[in-house]
Amino acid sequence: MARLTLSTPLDVRVLAKGMSVGEASAAFSAAYPEAGGIVSFLGKVRPGDDVRALELTHYEPLTKSGMDDLARSALERFALHGILAWHRIGVMVPGDAIVLVAAAAPHRRNAFDAADFVMDHLKSAAWFWKRERRADGWHWIEPREADHQDRQRWERR
1229 MARLTLSTPL
1239 DVRVLAKGMS
1249 VGEASAAFSA
1259 AYPEAGGIVS
1269 FLGKVRPGDD
1279 VRALELTHYE
1289 PLTKSGMDDL
1299 ARSALERFAL
1309 HGILAWHRIG
1319 VMVPGDAIVL
1329 VAAAAPHRRN
1339 AFDAADFVMD
1349 HLKSAAWFWK
1359 RERRADGWHW
1369 IEPREADHQD
1379 RQRWERR
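For the sequence shown, position 7 (counting from the first letter as 1) is numbered 1235 according to this note's numbering, and the numbering increases by one without interruption.
This is how it looks when you write it as structure tokens:
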């Protein structure tokens, strides 16, 4: 089996199929032995509320380049050693991984802040559209007001 190779210091991917979260996390950690802190966030399809599936679509001409710009901004803003941002597209079911963000930094606070910064932007200002399938059909999902407020707090910092 081929070992996962990461693009450092920015590893940004839009994935049409599942992701190996454990393999990605291990490879990311191994790539940054000098990091004092590595933080990762895994977003999954939530069970409940009669959700049977989640579909994510995106605007291909802007998605990858926009995610690259976001990751580069986090890398510079938080003085990171490296950042990983992987996002799924397609149809997923409850429990499936949607997004993985990891940040490696000299100190833990920068890693936490960077992961939070990237997720706040992906959640409310990204190039993805979500809809859920429930018993009564498909429903588009919009970012919540709290998601926009989370992103806006970075403008004040």
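We treat Cβ as the ideally placed atom computed from N, Cα and C, and that holds for glycine.
All values reported here derive from a predicted model rather than from experimental measurement.
What are the start and end residues of each continuous beta strand (DSSP E) run of 3 or more residues lying completely inside the segment 1322-1357, in chain order?
Within the segment 1322-1357, the complete beta strand (DSSP E) runs of at least 3 residues are 1325-1333.
For His1376, the residue or residues it bridges with in DSSP
Answer by DSSP bridge pairing: none, since His1376 is not bridged.
Could you check if Leu1290 is buried or exposed, using at least 16 other CB atoms within 10 Å of its CB as the buried criterion?
With fewer than 16 Cβ atoms within 10 Å of its Cβ, Leu1290 is classed as exposed.
I need the straight-line Cα distance from Val1251 to Gln1377, nearest angstrom please.
Looking at the sequence shown, residue 1251 is not Val but Glu. Spanning the two alpha carbons is a distance of roughly 33 Å.
Based on Cα-Cα distance, which residue from Glu1383, Phe1356 and Leu1312 lies nearest to Pro1371?
Closest option to Pro1371, judged by alpha-carbon separation, among Glu1383, Phe1356 and Leu1312: Phe1356.
Check whether the segment 1272-1287 and the segment 1306-1322 touch, using three or more Cβ-Cβ pairs below 8 Å as the test.
The segment 1272-1287 vs the segment 1306-1322: in contact.
Per DSSP, what kind of secondary structure is Thr1285 in: helix, strand or coil?
Residue state, collapsed to three classes: strand.
Does the beta-carbon of Ala1342 have 16 or more other beta-carbons within 10 angstroms, so that it is buried, or is it exposed?
With 16 or more neighbouring CB atoms inside 10 Å of its own CB, Ala1342 falls in the buried class.
Here's the rule I'm using: 16 or more other beta-carbon atoms within 10 Å means buried, otherwise exposed. How should His1335 be labelled?
It counts as exposed.
When burial is assigned at 16 or more other CB atoms within 10 Å of the CB, is Val1267 buried or exposed?
Classification of Val1267: buried, given that the 10 Å Cβ count is 16 or more.
Sequence-distant residues of the same chain with beta carbon closer than 7 Å to Lys1272, five excluded per side:
Excluding positions up to five away in sequence, the list reads Gly1323, Asp1324, Ala1325 and Ile1326.
Comparing alpha-carbon positions, which option in Leu1350, Glu1373, Trp1368 and Asp1364 lies nearest Asp1297?
Put simply, of Leu1350, Glu1373, Trp1368 and Asp1364 the residue whose alpha carbon is nearest the alpha carbon of Asp1297 is Leu1350.
Whole-Å CB distance - Leu1308 paired with Asn1338, under 8 Å assumed:
The Cβ separation is near 6 Å, so the contact holds.
Just verifying my parser: in three-state terms, what is the DSSP assignment at Val1240?
Three-state result, Val1240: strand.
Cα separation between Gly1294 and Ala1354?
Just so you know, the alpha carbons of Gly1294 and Ala1354 end up roughly 8 Å apart.
Check Glu1370 in the structure and name its three-state DSSP category.
Reduced to three states, the DSSP call for Glu1370 is coil.
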